[in-house]
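Asker: Quick one: this structure, given as structure tokens, is what I'll be asking you about.
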Amino acid sequence: MNRPDETQQPSPAGTPALEVRNLSVGYAGAPPVLRNLNFTIQRGEIAVLLGGSGCGKSTVLRTLTGLLASVAGQVHLLGEFFSSPEDPAGEAGREALLHRIGLLFQGGALFGGMSLLENVLYPMRRCSKAPRAVQERVARMRLGQVGLAAYADYMPREISGGMRKRAGIARALALDPEILFLDEPSAGLDPVTSAELDALILNIRREQNMTFVIVSHELASIDAIADRAFYFDRETRSLLDQGTPAELRANSPHAVVRDFFARKAAAPGS
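The sequence shown begins at 34 in my numbering and counts up one residue at a time.
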């Protein structure tokens, strides 16, 4: 499907979806949470950012999506420069790239005073020049894509947590992005609902060759959907290892990574 207004052109098929070069992330006035990160995510991949609590994976996601300025290094998004502390792309260039990505916040983060349809329409009302009738048709199609066509007029409080996550994904898809960033999509869901969400992610990737960058610590979901996983470590403040979940579970040279996949608690004092 084309975007509601065709102001952007997709990047060439061989261009990585995301390139991170010597990136350090964190908050003003404090030491970097993670330092000197280097990794590449290819188009069509489902990449999962993982690690123990407080390791900085959500901070990385906030930096990759422009919600948080980087401390050092560069992010290249869809073959174009996106950000660095100097930000030579400028505000206009960043804004254009932001329209090519979608973001699901933890919990869905829907507007409580808007119906599901109004929530999905919101980014189009702000960013698209398409006629209102076209916008509504696209919004209803997106709700149908996530299995919520019959719930367009429901308010967020009237549906379940899993349905709110699906509605959040529909809103993230509203502008027909090339990359979806999802922050803990399975958090707080029962195993069946989580598995249904995993199936939805795989279906969207299959239908649209969508690239996903997902923060998660849910091992069942990671095993079900991840092409590659990136393990961030709080102690070393680094990207400690990367690979397929099976590779990291069996062959990582780092015990902390193998223990994570084995659900093995660290020894006292280690």
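Where a beta carbon is used, it is the ideal one built from N, C-alpha and C, also for glycine.
(1) What residue range does the beta strand (DSSP E) around V248 cover?
(2) On the criterion of 16 or more Cβ atoms from any shown chain inside 10 Å, does A288 qualify as buried, or is it exposed?
(3) Keeping to the same chain, check which residues put their C-beta closer than 8 Å to that of A295; ignore five residues upstream and five downstream.
(4) Where K198 and G77 are concerned, what is the direct C-alpha to C-alpha distance, given to the nearest angstrom?
(5) From R158, F115, A61 and I134, pick the residue whose C-alpha is nearest to that of I247; which is it?
(6) What does a CB cutoff of less than 6 Å around P189 pick up in its chain, not counting 5 residues either side in sequence?
(7) For the alpha helix (DSSP H) holding R309, just list the boundary residues, first then last.
(8) If I measure Cβ to Cβ from E52 and keep anything under 7 Å in the same chain, skipping five residues before and after, which residues do I get?
(9) Less than 7 Å between C-beta atoms, sequence neighbours within five positions excluded: which residues of the same chain meet that for M243?
(10) Using only the alpha-carbon positions, how far apart do N71 and L154 sit?
(11) Can you look up G141 in the DSSP assignment and give me helix, strand or coil?
(12) Quick check on the DSSP output: what are the complete beta strand (DSSP E) runs of length 3 or more inside the region 190 to 260, in order along the chain?
(13) By DSSP, does V290 sit in helix, in strand, or in coil?
(14) Near C160, what residues of its chain come up, given a Cβ to Cβ distance below 8 Å and the 5 sequence neighbours on each side ignored?
(15) D223: buried (16+ other C-beta within 10 angstroms of its C-beta) or exposed?
(16) Can you check whether the CB of R170 is closer than 8 Å to the CB of L206?
(17) Taking 8 Å as the cut-off, decide whether the C-beta atoms of S57 and S103 are in contact.
(18) Here's a check: name, in chain order, each residue in its chain whose Cβ is nearer than 6 Å to the Cβ of L150, leaving out the five neighbours to either side.
(19) May I ask you to report which of helix, strand or coil DSSP gives T96?
(20) With distance defined between alpha-carbon atoms, name the residue in S227, A129, A61 and Q275 nearest to S254.
(21) Where does A129 fall in DSSP's three states?
(22) What's the call for K297, buried or exposed, on a 16-neighbour Cβ count within 10 Å?
Answerer: Let me lay it out:
(1) DSSP places V248 inside the beta strand (DSSP E), whose first and last residues are T244 to V248.
(2) By the neighbour-count rule (16 or more Cβ atoms within 10 Å), A288 is not buried but exposed.
(3) Excluding residues within five positions, the ones whose Cβ falls inside 8 Å are R282.
(4) Looking at the backbone, the Cα of K198 and that of G77 are separated by about 21 Å.
(5) The shortest Cα separation from I247 among R158, F115, A61 and I134 belongs to I134.
(6) Same-chain partners within the cutoff: L143, G145 and R197.
(7) Missing from the structure shown is residue 309; the chain here goes from 34 to 303 and no further.
(8) Excluding sequence positions up to five before and after E52, its CB lies within less than 7 Å of the CB of T73 and H109, all in the same chain and listed in chain order.
(9) Within the same chain, L213 and I237 come within 7 Å of M243 by CB-CB distance, once the 5 residues on both sides are set aside.
(10) Each residue's Cα considered, the two are about 36 Å apart.
(11) Per DSSP, reduced to three states, the secondary structure at G141 is coil, with no helix or strand assignment.
(12) The region 190 to 260 contains these whole beta strand (DSSP E) runs: 212 to 216 and 244 to 248.
(13) Of the three classes helix, strand and coil, the one that applies to V290 here is helix, per DSSP.
(14) Cβ within range, chain order: H132 and L208.
(15) When all chains shown are included, D223 counts as exposed.
(16) Going by C-beta atoms, L206 is not nearer than 8 Å to R170.
(17) Closer than 8 Å, so yes.
(18) Here L150 has A172 and A185 as same chain residues with Cβ atoms under 6 Å from its own Cβ, once five neighbours each way along the sequence are excluded.
(19) T96 falls in the helix class under three-state DSSP.
(20) The shortest C-alpha separation from S254 is found at S227.
(21) Collapsing the DSSP output to three states places A129 in a helix.
(22) By the 10 Å Cβ count, K297 comes out exposed.
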